[in-house]
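What follows is a short report on a single structure.
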Amino acid sequence: MADIRLGSTGIEVERQGFGALPLQRVPMDEAVSILRQAFDGGIRFFDTARNYSDSEEKLGQAFKGIRRQVVLASKTNAKTVEAFNKDLETTLRNLRTDFLDLYQFHNPPFCPMPGDGSGLWEAMEDARRAGKVLHVGISNHRLKVARQSIACGLYETLQFPFSYLSSSVDLDLARECAQAGMGFIAMKALAGGLVSNARAACAWISAFPGVLPIWGVQRMGELEEFLAFIKDPPTLTAELEAEIEKDRADLAGDFCRGCGYCMPCPQGIEINICARMSLLWRRAPPERFFTPESQLKMRRIESCTCCGACVAKCPYGLDTPALLQRNLEDYNAELARRTGA
Ligand code: SF4
Ligand code: SF4
């Protein structure tokens, strides 16, 4: 097993963490089995959020009686003090605990700080003083907010998308966190489905000693792969490096990284999914991208007004409306082929 220390929090855990977002799509019994199996296999860090529907309740059920043997992290996207306090109480009740090891502001559009008028930082401090929260972190998709969270010196952890497809700017963030004594929690280590070689992803991330990946797990088979990394931590062999380079080359140029910096779209288009649909269905089992729900999401592209809001915010300089249109055309062609229409 390889342990990791999460910055100044002092939290030390096995370095494969568990991201509980996908558990909301799994029935309670199955989710509890997956979580118990994860615990038995050595995983100790579990990350959830108030707005992952019933994910917290599943963790609460799974870790009943062994609460102190796991590290529980959750998040709130509350915008008012009242909502913050309500979220915290609900989360504690769902997780069947009276404290959270780590409580994070969930992707706020600004970095909560003392005296900013929102009252959110003060509410977090009150919760910490009351012993309901041991450590404070922030998760974000925006570079600017991530940088503010490091510069202000208030936060103990940053959660940010991080994979071998990340830009050098994102890699700098992890280094800046290490220098500031902050823990860095890597979300989307498989780049939201674009990376299919989990072994390569794990080996690459292991080269960053202070980075804790939280692998999103929905099926027992996926979990088994990550548990195998605990017994036999992957290292960056020449073969894996070659695969990473191939992926980077395949995905070079105008591809959407799924970071979500450009969102929300006023038309409700899920840009971070729809603008890379062509890659997603070709690089992962395609069936799940052609469900009625996915088709609906893709059809929403037709409502794009080309307002340019997303273009102005994309750090990769993408012509997002054009990219969306190309993805829609490609998707419709494949859909027609599949349905024989
Ligand atoms: S250009 Fe289209 S996709 Fe982008 S924000 Fe405007 S409406 Fe949404
Ligand atoms: S269009 Fe740009 S900003 Fe939006 S999700 Fe894709 S890469 Fe990120």
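The sequence shown maps to residues 31 to 371 in our numbering. Using N, Cα and C, we set each Cβ at its ideal position, and we do this for glycine too. These figures come from a predicted structure and were not determined experimentally.
DSSP-derived helix/strand/coil call for residue i
| i | result |
| --- | --- |
| M217 | strand |
| K343 | helix |
| E186 | coil |
| Q355 | helix |
| Y133 | strand |
| S197 | coil |
| D117 | helix |
| F75 | strand |
| I180 | helix |
| D33 | strand |
| E152 | helix |
| V225 | coil |
| D284 | coil |
| A305 | coil |
| I96 | coil |
| T369 | helix |
| L266 | coil |
| M250 | helix |
| D360 | helix |
| D59 | helix |
| R80 | coil |
| C232 | helix |
| A279 | helix |
| L89 | helix |
| E206 | helix |
| F319 | helix |
| L53 | helix |
Proximity below 8 Å, CB of residue i to CB of residue j
| i | j | result |
| --- | --- | --- |
| A103 | D131 | yes |
| D70 | G47 | no |
| I73 | L242 | no |
| F114 | L150 | yes |
| K218 | G288 | yes |
| D280 | L348 | no |
| L354 | A305 | yes |
| G183 | Q134 | no |
| S38 | G211 | yes |
| P345 | L173 | yes |
| F319 | L310 | yes |
| I64 | M293 | no |
| K116 | A79 | no |
| H136 | S169 | yes |
| A157 | L188 | no |
| E152 | P139 | no |
| L270 | A228 | no |
| D277 | V225 | yes |
| L36 | G213 | yes |
| G372 | R367 | Because the chain spans 31 through 371 in this model, residue 372 falls outside it and cannot be assessed. |
| L377 | A176 | Here the chain has residues from 31 to 371 only, and residue 377 is not among them. |
| N362 | M307 | no |
Close-in-space but distant-in-sequence residues of the same chain around residue i (CB under 7 Å, 5 per side omitted)
| i | result |
| --- | --- |
| K94 | R126 |
| E332 | none |
| E206 | I180 |
| I274 | Y194, A230, W234 |
Identity of the residues DSSP links to residue i by a beta bridge
| i | result |
| --- | --- |
| V245 | One detail in the question is off: residue 245 reads as Trp in this sequence, not Val. Partner(s): F48. |
| G167 | Q134, T187 |
| K105 | Q134 |
| V43 | I34 |
Cutoff 6 Å; reference residue i; Cβ partners in own chain excluding five residues on either side
| i | result |
| --- | --- |
| Q99 | none |
| A221 | S193, L195 |
| E300 | K327 |
| Q178 | C141 |
| E60 | none |
| R97 | T127 |
| A341 | The question names Ala, but residue 341 in the sequence shown is Val. These residues qualify, in order along the chain: T350. |
| F75 | V43, G47, V101 |
| N302 | G288, G290 |
| F256 | Q46, W245 |
| C232 | F259, P264 |
| Y82 | L51, Q54 |
| E359 | none |
8 Å Cβ shell around residue i - same chain, five flanking residues per side excluded
| i | result |
| --- | --- |
| G49 | D77, M217, I244, W245, G246, V247 |
| F129 | L122, G161, K162, V163, L164 |
| R330 | Q297, G298, I299, E300, C304 |
| S236 | A32, R45, P263, P264, T265, L266 |
Below-8 Å beta-carbon distance, residue i vs any chain B residue
| i | result |
| --- | --- |
| F69 | Any reference to chain B falls outside this structure, which holds one protein chain only. |
Residues with C-beta closer than 7 Å to any heavy atom of ligand 1, in chain order: C292, C295, P296, Q297, I299, I301, C334, T335, C336, C337, G338, A339, C340, V341, T350, P351, L354
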